[in-house]
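Read the structure below first, then the notes.
In my numbering, the protein residues as written are 29 to 357.
Put into structure tokens, the structure is as follows:
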């Protein structure tokens, strides 16, 4: 018997939602039925492009659509909290793009609301569901490289000098931390299964008062450590390396997760390669749909308690740089 179709809405017809909608077409049993935006015209154009039946000029209207099972939130960072609360109060399951919220206080509020109302909620940390990253977790569970004592991960790109753009706009939550840094920070959380007990970091604050780059050392129990870095005006290797007592795992371009190599001491390297045609947002959609069909209220791959803990780590980093966001802190 075929599994029931999960009917999707999308809030925010921007670039990242376009990628999600494109990949959603590859997901069996998924149907995009509605699009919401502050601009009815943009919602209508997006709906026409991706075959959605209805377009709305507000999040409230989308939340009231009785046909929608779950909504992907792909709006600008500062809008996430209000969008999620509106949708949750409308009884809609939510898959929200990272960063989940602007700070831990907002995350706590949204998570509490979802739990009180019994509504499914999940952070869209898309890299965590990519097949090579799933394979990395399998290797770690199997103890292939022994105990992981050190890891490095960075994600940096150069947007040039665009003071008018979103990435350098403090009011829109711009800067390296929330856009790029959340990936290596979340990856470290996945690898070590906890947050650091001590953080040492430094950041370059640019002319628009956002962090254009940062580097941090995370210290865990027993001397384990993670080195993480990110940038929006500097290209980096974008590689993650896990160093264990029995070997290493190397993930080139780890954010996009096309391959991972297992290097066990004394053995031939093993490389897992993913030749997918999609960008990879389909995997997080499939995970959310699996949870809905099984009646789960959150994903055990990206639990809400971990989402909140990661947000607290991001807050701790910002505190070291005296970086605050308008309308959030």
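The C-beta atom is built at its ideal place from N, Cα and C for all residues, glycine as well. Quick caveat: nothing in here was measured; it's all calculated off a predicted structure.
What does a CB cutoff of less than 7 Å around residue i pick up in its chain, not counting 5 residues either side in sequence?
{"i": "residue 207", "result": "195, 260"}
{"i": "residue 204", "result": "239, 240, 241, 242, 258, 259, 260"}
{"i": "residue 153", "result": "126, 214, 330"}
{"i": "residue 339", "result": "128, 129, 131, 132, 135"}
{"i": "residue 355", "result": "106"}
{"i": "residue 124", "result": "101, 108, 112, 151, 152"}
{"i": "residue 349", "result": "231, 233, 239"}
{"i": "residue 335", "result": "128, 135, 151"}
Just to check my reading of the structure: residue i and residue j have Cβ atoms closer than 8 Å, yes? What is that Cβ distance to the nearest angstrom?
{"i": "residue 254", "j": "residue 228", "result": "Between residue 228 and residue 254 the Cβ distance is about 11 Å, and since that is not below 8 Å, they are no contact."}
{"i": "residue 270", "j": "residue 276", "result": "6 Å"}
{"i": "residue 287", "j": "residue 301", "result": "5 Å"}
{"i": "residue 322", "j": "residue 149", "result": "Going by Cβ atoms, the distance from residue 322 to residue 149 rounds to 15 Å, so no, they are not a contact pair."}
{"i": "residue 379", "j": "residue 247", "result": "It is not possible to answer for residue 379, since the shown part of the chain is limited to 29 through 357."}
{"i": "residue 290", "j": "residue 167", "result": "6 Å"}
Once the 5 residues before and after residue i are set aside, which same chain residues still bring their CB inside 6 Å of it?
{"i": "residue 134", "result": "109"}
{"i": "residue 81", "result": "61"}
{"i": "residue 54", "result": "306, 310"}
{"i": "residue 95", "result": "35, 61"}
{"i": "residue 442", "result": "The structure shown does not extend to residue 442, since the chain is modelled only from 29 through 357, so no value can be given for it."}
{"i": "residue 281", "result": "266"}
{"i": "residue 174", "result": "272, 273, 274"}
Could you have a look at residue i and say whether DSSP puts it in helix, strand or coil?
{"i": "residue 54", "result": "coil"}
{"i": "residue 175", "result": "coil"}
{"i": "residue 302", "result": "coil"}
{"i": "residue 275", "result": "strand"}
{"i": "residue 283", "result": "coil"}
{"i": "residue 290", "result": "strand"}
{"i": "residue 155", "result": "helix"}
{"i": "residue 74", "result": "helix"}
{"i": "residue 36", "result": "strand"}
{"i": "residue 357", "result": "coil"}
{"i": "residue 332", "result": "helix"}
{"i": "residue 247", "result": "strand"}
{"i": "residue 228", "result": "strand"}
{"i": "residue 269", "result": "strand"}
{"i": "residue 60", "result": "strand"}
{"i": "residue 184", "result": "strand"}
{"i": "residue 320", "result": "helix"}
{"i": "residue 82", "result": "strand"}
{"i": "residue 223", "result": "coil"}
{"i": "residue 148", "result": "coil"}
{"i": "residue 242", "result": "strand"}
Going by beta carbon distance, what residues of the same chain come within less than 8 Å of residue i, once the five residues before and after it are set aside?
{"i": "residue 84", "result": "62, 63, 64, 65, 68, 71, 90, 93"}
{"i": "residue 160", "result": "279, 285, 286, 287, 288, 300, 301, 302"}
{"i": "residue 145", "result": "116, 117, 119"}
{"i": "residue 352", "result": "346"}
{"i": "residue 188", "result": "261"}
{"i": "residue 216", "result": "179, 181, 224, 246, 254, 256"}
{"i": "residue 33", "result": "57, 58, 59"}
{"i": "residue 23", "result": "Given that the chain is displayed from residue 29 to residue 357, the structure contains no residue 23 and the question cannot be resolved."}
Hey, out of the options, whose CA is closest to residue i's CA?
{"i": "residue 58", "options": "42, 37, 250", "result": "37"}
{"i": "residue 87", "options": "327, 115, 211", "result": "115"}
{"i": "residue 230", "options": "324, 344, 188, 236", "result": "344"}
{"i": "residue 273", "options": "336, 176, 43", "result": "176"}
{"i": "residue 235", "options": "316, 191, 304", "result": "191"}
{"i": "residue 209", "options": "103, 341, 170", "result": "341"}
{"i": "residue 268", "options": "164, 140, 143, 142", "result": "164"}
Hey, is the region 216-227 in contact with the region 289-309, meaning 3+ C-beta pairs nearer than 8 Å? no
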